[in-house]
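**Student:**
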Amino acid sequence: MVLIDGIINPKHLDKIDKLFNAGVGEYLALPQLVVVGDQSSGKSSVLEGLTNIPFPRDSGLCTRFATQITFRRAAQLSYSVTIIPSHYTDAIEADRLRSWKKHLLGFSVEIFTEIMKEVKFVLKLKDVSGLGGTQTFSDAVLKLDISGPD
Numbered sequence: 005m006v007l008i009d010g011i012i013n014p015k016h017l018d019k020i021d022k023l024f025n026a027g028v029g030e031y032l033a034l035p036q037l038v039v040v041g042d043q044s045s046g047k048s049s050v051l052e053g054l055t056n057i058p059f060p061r062d063s064g065l066c067t068r069f070a071t072q073i074t075f076r077r078a079a080q081l082s083y084s085v086t087i088i089p090s091h092y093t094d095a096i097e098a099d100r101l102r103s104w105k106k107h108l109l110g111f112s113v114e115i116f117t118e119i120m121k122e123v124k125f126v127l128k129l130k131d132v133s134g135l136g137g138t139q140t141f142s143d144a145v146l147k148l149d150i151s152g153p154d
């Protein structure tokens with residue numbers, strides 16, 4: 005990677021993001037950090053410590069899909085939230101999932117909690133009691149893009 009002013013070149017990062025979104029990460033070792041563990045083992049705490057993003061602690065909000073967090077330098081702070089469908093998802097469902105987008109001016113644990121609840125609904129996932137959806141887990145990825153000066 006080429007360094008510019010002490011950070012990785014944004015053009016290279018954008019190319020890596022496009023490869024991830026195209027599913028190439030399943031076949032090539034693209035740079036990433038992955039946090040895995042048993043339920044209630046502290047994954048959210050690790051991610052919060054690494055990212056300074058306030059992760060929800062609601063016991064009924066057990067995450068049933070992967071979350072991808074991308075940071076970029078930009079003049080103004082902005083948050084964009086999208087869903088990346090699995091490459092196994094049929095075309096109509098993939099289009100429906102890609103059409104779900106949120107652009108936020110601010111971010112808090114309350115906002116993140118509401119987003120997680122909404123995404124579980126959009127992905128048609130069951131809640132922790134087994135109600136409300138057709139699947140328990142999803143291959144789709146919740147993508148959170150954060151841009152800003154810091």
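Yeah, the sequence shown ends on 154 if you go by our numbering, and it's all consecutive. Think of the CB as a built atom: it goes at the ideal place given N, C-alpha and C, for glycine as much as any other residue. The structure displayed is predicted, hence computed values, not measured ones.
I'd like the list of long-range same chain contacts for Pro-89, defined as Cβ closer than 6 Å, with 5 residues on each side in sequence excluded.
**Tutor:** The answer, listed in chain order, is Ala-98, Leu-101, Ala-144.
**Student:** So who's on the other strand from Tyr-83, going by DSSP bridges?
**Tutor:** Leu-108, Ile-150
**Student:** Applying the criterion that 16 or more other CB atoms from any shown protein chain within 10 Å of the CB defines a buried residue, is Phe-24 buried or exposed?
**Tutor:** When all chains shown are included, Phe-24 counts as buried.
**Student:** Among all the DSSP beta bridges, which residues are the ones paired with Ile-88?
**Tutor:** Val-145
**Student:** Among the residues of its own chain, which have a CB less than 6 Å from the CB of Phe-116, if the five just before and after it don't count?
**Tutor:** Pro-60
**Student:** Check the DSSP bridge columns for Phe-75 and list the partner residues they point to.
**Tutor:** Phe-75 has Ile-150 as its beta-bridge partners, per DSSP.
**Student:** Going by C-alpha distance, which of Gly-46, Ile-73, Ser-45, Asp-42 is nearest Gln-36?
**Tutor:** Cα-wise, what sits closest to Gln-36 is Ile-73.
**Student:** Where DSSP assigns a beta bridge to Gln-139, which residues make up the other side?
**Tutor:** The beta-bridge partner set that DSSP reports for Gln-139 consists of Leu-129.
**Student:** So Lys-105 and Val-85 are supposed to be a Cβ contact under 8 Å. How far apart are they, rounded?
**Tutor:** 7 Å
**Student:** I need the straight-line Cα distance from Ile-96 to Asp-42, nearest angstrom please.
**Tutor:** Taking the straight line from one Cα to the other gives about 33 Å.
**Student:** What three-state label does DSSP hand Ala-95 in the structure shown?
**Tutor:** Three-state DSSP puts Ala-95 in a helix.
**Student:** Less than 8 Å between the CB atoms is what I'm expecting for Ser-142 and Phe-69, so what's the real figure, rounded?
**Tutor:** 4 Å
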